[in-house]
Amino acid sequence: MSLILFACVVRVRDGLPLSASTDFYHSQDFLECRRRLKTLALRLAQYPGRGSAEGCDFSIQSRGVKNEHQ
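Structure representation (structure tokens):
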């Protein structure tokens with residue numbers, strides 16, 4: 003059974019979360035995962051396009067969006 007623990011949308015340029023969790027209780031593991039995700043988002047700014055990463059208990063999908071107004 004697949005379970006989504008959380009989904010996060012971040013602005014790759016600076017790692018700013020653009021979505022928030024509605025959960026009131028966050029375990030230490032959950033907070034650590036969010037911290038690592040923010041670090042990863044900052045690194046993704048260096049690479050164009052899209053990609054994915056999978057581990058034993060996670061899946062990350064990345065898609066860069068070109069901003070025509072910059």
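Per the numbering used here, the very first residue in the sequence shown carries number 3; after that it's consecutive. Every residue, glycine too, gets a C-beta built ideally from N, C-alpha and C.
Quick check on this structure: which residue in ALA55, PHE32 and THR41 has the alpha carbon closest to the alpha carbon of PHE8?
Taking the first residue of the sequence shown as 1, we reach residue 8 at position 6. Residue nearest to PHE8 within the set ALA55, PHE32 and THR41 is PHE32 (criterion: CA-CA distance).
Since ARG52 is in the beta strand (DSSP E), which residue starts that stretch and which ends it?
One-based indexing of the sequence shown puts residue 52 at position 50. Element bounds for ARG52: 52-56.
Which of the three DSSP states, helix, strand or coil, is assigned to LEU18?
In the sequence shown, residue 18 corresponds to position 16, counting from 1. DSSP, reduced to helix, strand and coil, places LEU18 within a strand of the structure shown.
Rounded to whole angstroms, what's the CA-CA distance from LEU20 to LEU46? Just pull it up for me.
Here residue 20 is taken as the residue at index 18 of the sequence shown, counted from 1. Here residue 46 is taken as the residue at index 44 of the sequence shown, counted from 1. Answer to the nearest angstrom: the Cα atoms are 16 Å apart.
Which of the three DSSP states, helix, strand or coil, is assigned to GLN48?
For this step, residue 48 is matched to residue 46 along the sequence shown. Coil, per DSSP.
In whole angstroms, give me the CA-to-CA distance for LEU5 and ARG15.
Here the question's residue 5 lines up with position 3 in the sequence shown. Here the question's residue 15 lines up with position 13 in the sequence shown. Each residue's Cα considered, the two are about 29 Å apart.
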